[in-house]
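*Asks:* Structure incoming, see below.
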Amino acid sequence: MDPLVTFIGLGQMGLAMSENLLRYGNIGKPLTLYNRTKAKADAHNARLGHCKVAESIAEAVSSSDIIWSCLQDEVAVEQTFEEIYSLSIEGKLFVDSSTISPKAANFIAQRVLDAGGEFVALPVMGEPTMAISRSLTGIASGSPAAVDRIRPYMQGVVCRNMIDLSGEDPEIALLLKLMGNFLILTTMETVAEVNTFAEKCGVGTMNMNKLMTAIFPNPPHAIYNHRMLSGEYYSAVPVVEVSKAITLAEHVMGLAKASSASVKLYEVALEHLRMVKEERGSAADVSGIYGVVRLESGLSFENVTE
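Residue 1 is where the sequence shown starts when you use UniProt numbering, and the numbers rise one by one after that.
Below you can see the structure in the form of structure tokens.
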């Protein structure tokens with residue numbers, strides 16, 4: 001019998017992941033949805049069908065075998081699990097795709113295990129557009145048996161691929177997510193700088209785009225290059241708000257300092273994120289890094305398409 005699943009948290013990522021679970025995963029119907037703002041869950045249910053909306057955390061947990069969460073921040077995760085600890089959860093599997101601290105992941109996992117449940121930390125790499133297209137990379141850590149329970153819902157369902165950390169503590173998945181953020185943010189910084197350099201030295205961004213497309217045709221380079229050159233970094237709906245990117249980047253910097261690791265390029269990128277926030281506000285898109293690199297080079301924040 002296919003397992004019954006609850007999805008908690010219907011932000012941009014949660015909306016896409018829950019829809020893909022329903023459409024492409026072999027799960028029991030209906031899929032249970034829970035969101036603190038119930039109207040959002042109701043709207044998602046009306047659009048998808050084959051779902052039901054839970055009125056409370058207790059109802060959401062009691063009706064399912066697998067409870068999958070993807071929440072806005074660590075505070076929301078802690079508040080949600082504080083309610084869960086008091087429930088009967090023996091045999092239930094909790095999968096958390098929120099971005100939280102490694103220490104918090106270990107603490108939550110232990111509380112769930114102590115209550116007879118199972119826990120998999122499953123942070124994901126990728127933007128909401130990649131969640132929609134099932135192109136995320138999932139990083140799964142927990143007991144081998146627990147990871148095996150979610151394996152059928154990874155590749156081709158919510159993710160393009162899965163990094164299997166079976167047997168590792170949950171914190172390892174979150175630590176690796178921080179390493180992934182290092183790669184993403186420094187890639188964004190590189191793309192912003194090279195396009196600005198190309199414009200300033202006379203090569204031009206159109207020719208730079210030809211080289212970028214030839215050498216780095218795939219994400220993440222291709223995504224950020226398009227967003228910058230098209231002007232979407234300032235004109236489109238933000239994909240990742242700069243304030244949230246700064247919070248995550250500061251976690252990375254804290255880890256680097258605690259580890260005595262030199263991360264000079266990342267420090268530059270973080271400073272540029274802070275400049276984006278100062279220049280365009282907390283809700284500006286993270287790829288606004290391009291705009292502030294342009295400003296530092298004597299250009300306008302907003303580009304002009306060649």
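Cβ coordinates follow ideal geometry from the N, Cα and C atoms, glycine included.
Here the structure is a predicted model, which is why all the values come from computation and not from measurement.
Is it true that the stretch 102-118 meets the stretch 169-187, where meeting means three or more beta-carbon pairs spaced less than 8 Å apart?
*Replies:* Short answer: they touch.
*Asks:* Quick one: Cα of M130 to Cα of V239, how far?
*Replies:* 11 Å
*Asks:* Distance, Cα to Cα, T205 vs A43?
*Replies:* 42 Å
*Asks:* Where E83 and P144 are concerned, what is the direct C-alpha to C-alpha distance, given to the nearest angstrom?
*Replies:* 26 Å
*Asks:* On a CA-only basis, which of G9, I67, V61, A256 is nearest A41? Give me that one, please.
*Replies:* G9
*Asks:* Give the DSSP-derived three-state secondary structure of I235 in the structure shown.
*Replies:* The sequence as given places Ser at residue 235; Ile does not occur at that position. In this structure, S235 counts as helix in the three-state DSSP scheme.
*Asks:* Answer yes or no: do R280 and V237 have a C-beta to C-beta separation smaller than 9 Å?
*Replies:* Result no, Cβ atoms of R280 and V237 do not sit closer than 9 Å.
*Asks:* Would you kindly work out how many angstroms separate the C-alpha atoms of residue 359 and F182, rounded to a whole number?
*Replies:* Missing from the structure shown is residue 359; the chain here goes from 1 to 306 and no further.
*Asks:* Output the distance between the C-alpha atoms of Q79 and E199, rounded to the nearest integer angstrom.
*Replies:* Cα to Cα, Q79 sits roughly 48 Å from E199.
*Asks:* Does the distance from the C-beta atom of L185 to that of L295 stay below 9 Å?
*Replies:* no
*Asks:* Which first and last residues belong to the alpha helix (DSSP H) in which Y85 is found?
*Replies:* 74-85
*Asks:* Of the residues S97, S133, D73, G288, which one's Cα is nearest the Cα of Y233?
*Replies:* G288
*Asks:* Report the rounded CA-to-CA distance for K29 versus L4, giving the unit in angstroms.
*Replies:* 7 Å
*Asks:* Just to check my reading of the structure: T37 and A60 have Cβ atoms closer than 8 Å, yes? What is that Cβ distance to the nearest angstrom?
*Replies:* Not really, about 14 Å apart at Cβ, beyond 8 Å.
*Asks:* Mind pulling the beta strand (DSSP E) runs of 3 or more residues that sit fully within the stretch 9-78?
*Replies:* 31-34, 51-53, 66-69
*Asks:* Around the Cβ of C159, are there at least 16 other Cβ atoms within 10 angstroms (buried) or fewer (exposed)?
*Replies:* The residue is buried, with at least 16 neighbouring Cβ atoms inside 10 Å.
*Asks:* By the three-class DSSP mapping on this structure, what secondary structure does M1 have?
*Replies:* coil
*Asks:* Return helix, strand or coil for D169, following the three-state DSSP convention.
*Replies:* In the structure shown, the three-state DSSP call for D169 is coil.
*Asks:* When you compare only the Cα positions, how much space is there between E306 and A76?
*Replies:* Note that E306 scores 47 on pLDDT, short of 50, meaning its location in the model is unreliable; the coordinates nonetheless yield the value given after this. Taking C-alpha positions only, E306 is separated from A76 by approximately 44 Å.
*Asks:* Measuring alpha carbon to alpha carbon, tell me which residue in N209, L248, G116, M1 is nearest E193.
*Replies:* N209
*Asks:* Pick from S88, F7, S133, A58: whose alpha carbon is nearest that of A115?
*Replies:* Selected option, being the one with the closest Cα: S88.
*Asks:* Indicate the three-state DSSP secondary structure (helix, strand or coil) for S243 in the structure shown.
*Replies:* helix
*Asks:* Taking 6 Å as the limit between beta carbons, can you name the residues of its chain near A105, skipping five residues before and five after?
*Replies:* A121, P170, E171, L174
*Asks:* Measuring alpha carbon to alpha carbon, tell me which residue in V124, G138, E118 is nearest A146.
*Replies:* E118
*Asks:* Pick out whichever of S56, N26, S64, A16 has its Cα sitting closest to the Cα of L48.
*Replies:* A16
*Asks:* G142 lies in the alpha helix (DSSP H); which residues open and close that run?
*Replies:* Run containing G142: none in the alpha helix (DSSP H); it sits in the beta strand (DSSP E), 136-142.
*Asks:* Which of the three DSSP states, helix, strand or coil, is assigned to T6?
*Replies:* strand
*Asks:* In terms of DSSP beta bridges, what is F94 paired with?
*Replies:* I67, F119
*Asks:* What do you get for residue 312, buried or exposed, if any count of 16 or more other CB atoms within 10 angstroms of its CB means buried?
*Replies:* The requested residue 312 is not part of the displayed model; the chain covers only 1 to 306.
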